[in-house]
Each structure stands twice: as structure tokens, then as C-alpha cells.
Amino acid sequence: MKKQKKNCLFFDIETTGLAADISAIVVIGCRTSEGDCIQWFNEDGFSQKEILKDFLNYCTDWDQLVSFNGATFDLPFLQTKIKEYGLSDSLSEKEHLDLYKELRPYRHLFPLSRFRQKDLETYLGIHRKDTLSGRKVIKAYQSWIASGDTSWKEQVLLHNKEDLDGLVAVSDLLCYPALESGEFSIQKALISHSSFQAELLLNQPFPKAARFEKDGLSLEINEELAILEEPLQEGMLRHYYPNPKDYYYLPKEDIIIPKSMKSFVDASSRIPASPSNCYSKFKPEHDFFEDSASMQTFLVHNIHYLLKK
Numbered sequence: 001m002k003k004q005k006k007n008c009l010f011f012d013i014e015t016t017g018l019a020a021d022i023s024a025i026v027v028i029g030c031r032t033s034e035g036d037c038i039q040w041f042n043e044d045g046f047s048q049k050e051i052l053k054d055f056l057n058y059c060t061d062w063d064q065l066v067s068f069n070g071a072t073f074d075l076p077f078l079q080t081k082i083k084e085y086g087l088s089d090s091l092s093e094k095e096h097l098d099l100y101k102e103l104r105p106y107r108h109l110f111p112l113s114r115f116r117q118k119d120l121e122t123y124l125g126i127h128r129k130d131t132l133s134g135r136k137v138i139k140a141y142q143s144w145i146a147s148g149d150t151s152w153k154e155q156v157l158l159h160n161k162e163d164l165d166g167l168v169a170v171s172d173l174l175c176y177p178a179l180e181s182g183e184f185s186i187q188k189a190l191i192s193h194s195s196f197q198a199e200l201l202l203n204q205p206f207p208k209a210a211r212f213e214k215d216g217l218s219l220e221i222n223e224e225l226a227i228l229e230e231p232l233q234e235g236m237l238r239h240y241y242p243n244p245k246d247y248y249y250l251p252k253e254d255i256i257i258p259k260s261m262k263s264f265v266d267a268s269s270r271i272p273a274s275p276s277n278c279y280s281k282f283k284p285e286h287d288f289f290e291d292s293a294s295m296q297t298f299l300v301h302n303i304h305y306l307l308k309k
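Going by full-length UniProt numbering, the sequence shown opens with residue 1, and the numbers climb by one from there.
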């Protein structure tokens, strides 16, 4: 998991097409986490080199660039143009956080048919003033070049600005990988009504309440508070392991063994472990509740199981 740094710069570009060798940069927009927005606009269709130079100079003071799908489109497009104009590629020296890449493993947890930035904005309850699609941005820019009517320019800049605002909002969803990697503290853990319950304080709050359930496990999240619950089965808890490919499952015994021990078990008595049966069982006694490191590992592994597809 890549983390978002404090000294980060959100960026987004608008272009006249997808192929950098035959298309032009229309706008390069940036936004800080404090809300400052700066946009470099290709006023006459011939100012790509100038706005690129200004953007590269501005980037000097930032440790990290943040985008949505920028690793696939924005950065390669800019770097092609940088090479075309013989400029120094300082972007390759910057750390880059692509929100699409970081959030894509959690796509199945969102009630969305598509996973574009706009879809995640809608999930978060964000409603744009901008009505332009990518294709309409190109037409609006062409109309600006042809007519000089500032309303076309304003529409293009609004689209880019709302892309940047949405990018900042979507970055709050990095709470998902943060939770899975164990960025929380245990506030309380107990056995109640034949269930194990743990109350967690998250380092990164969830922007929207969420609930996840799988095989009796449940996790309910409201802002920075999460409650994980697991029912006891014959007085035992299941500890799910995140690497089932390293284990065999023995159905008769309902246990797993490392693959390195396969020679000790008849081949007919073992099967490759899957996420749903790659667990060990234990009775939660006093030592478990006193050992915070072991409990943290248990919680991280079971949350991983809950969140993975």
C-alpha cells in the first residue's frame, strides 16, 4: 500500500485526445490538500511547451503527485510531451500515488457497476455543476479556439477544477487499504453473548458508513469507529490466514498444514487451502486478551479476509 503524503499535489489534465503523439494538452490542473487550485490553460492551441514548463516548475516543491488513473494516462501523456519539447523529465523523480490502482482491489465492496472517478464521487454524495464528458471537453475547447467565447473556456476550466475537487474527495477512500494494513488501535475487546467483539479506532476515518459480512464475521464502520464481531463456534474463534496458497486443508480434521509438511499426510486426505478454509481455531483465553500484538495480527488477518473478494 502506498500512503498519501502530507506534502502532496493532486493533478489532472485535459487533452484533445488519448494518443499523446497526435493530441494536445488543453489544461494542466493542480490542487493542494489545503484547497489551493492552479490551472495552466493552452490559450491558443500552441502553448503546450509553456504550460508544461510552468507545471514542472510548480511541481518542484512537492514530494508526491496524486492522480486517478494517472499511471496509465496522465503521466505517460505528459512525459511524451516533455520528450517532444526537449524538457527535463523531473516527473519521473517524483513519487506518484494513483488512486485508481490503490482502490481497484476494493472495487467489489462498492455498489457500483463502473469504477470511474465520477462513479466514486457519486458514491460519496458529490454532485457536480460541470456537465461535460471527456468528449464534450474537446468540443468545448475547439469552440473556444474557433470563437474566443469565454463561456467555452470557463466550461473546460470548471470541468478540470471539479475533477481536482473530486480527486481530493476520492482520496478519502484510502481508508480501505489503511484499514486492511492495520492502521487502527484496539479500544476494547471482549466476549459477549457467545461472540468475540473488538472496538477499533481507525487512523483514517471512513467518509461513508459501511458494513461487511462473510461466514459469520461482521465489520461495522462509522467514521473512525469500527466494530468487528465473530461468533464463537464450540467455544472457538477462527483466525483466517492471508496466504492460502502456502497451505493444505485437511477436511476430516478441519485444520490446515503448511505445504512443506505435505509428505506427512496422504494425498487423498488433503486439498489446496482456499481463503474460506485457511484458518486455525483457538479458544480465546486470558493470554489472548493480554497479548496486544497477537490480537492485532488476528484482527488484521480477519479484516483482510472480510475485505478480499
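Glycine included, every Cβ here is placed at the ideal spot set by N, Cα and C.
For residue i, which residues from the same chain have a beta carbon less than 6 Å from its beta carbon, with the 5 sequence-adjacent residues on both sides left out?
i, result
"C8", "Q64 and V66"
"Y141", "V26 and V156"
"N69", "Y100"
"F115", "R107"
"I38", "C30"
So, with DSSP's three-state summary, where would you put residue i?
i, result
"P272", "strand"
"V170", "helix"
"N302", "helix"
"A293", "helix"
"T15", "strand"
"K252", "coil"
"F184", "strand"
"L190", "strand"
"S280", "strand"
"G105", "Sequence check: residue 105 is Pro here, not Gly. Helix, per DSSP."
Please report the distance separating the alpha-carbon of residue i from that of residue j.
i, j, result
"Y249", "G182", "26 Å"
"Q4", "P111", "25 Å"
"P177", "I28", "29 Å"
"P231", "L225", "20 Å"
"A71", "S151", "31 Å"
"K83", "K153", "27 Å"
"F41", "I51", "7 Å"
"A189", "E285", "12 Å"
"H96", "A293", "32 Å"
Relative to the alpha-carbon of residue i, which residue among the options has its alpha-carbon at the smallest distance?
i, options, result
"residue 310", "L173, I138, Q204 and Y305", "The question about residue 310 has no answer, for the chain in this structure spans 1 to 309."
"A273", "P76, N160, Y240 and K308", "Y240"
"D172", "Y279, L56, L202 and I186", "L202"
"V300", "F184, H193, D291 and F288", "F184"
"H159", "D12, K309, M1 and K6", "D12"
"S192", "G235, L78 and D287", "G235"
"L124", "Y279, D165, K281 and D61", "D165"
"T297", "P205, A198, I221 and E220", "A198"
"D163", "L200, Q117 and P76", "Q117"
"K136", "G17, S269 and F46", "G17"
"D147", "I256, G45 and C278", "One point to set straight first is that residue 147 is Ser, not Asp, in the sequence displayed. Minimum Cα distance to S147 is reached at G45."
"G134", "S269, Q187, E14 and N243", "E14"
Counting only C-beta atoms, is residue i closer than 8 Å to chain D at any point?
i, result
"L190", "Absent here is chain D; the protein component of the structure consists of one chain."
For residue i, list the residues DSSP reports as bridge partners.
i, result
"H286", "Answer is none; H286 lacks a bridge partner."
"P231", "S195"
"G29", "D12 and Q39"
"V66", "F10 and L97"
"A226", "L200 and I221"
"M236", "Q233"
"R211", "E220"
Excluding the 5 residues flanking residue i on each side, which residues of the same chain have their C-beta closer than 7 Å to its C-beta?
i, result
"D246", "P258 and K259"
"K53", "L87"
"K81", "A20, I25, Q48 and L52"
"K2", "L97 and E102"
Output needed for residue i: all residues of its chain with C-beta closer than 8 Å, excluding positions within five of it in sequence on either side, in chain order.
i, result
"Y85", "Q48, K49 and L52"
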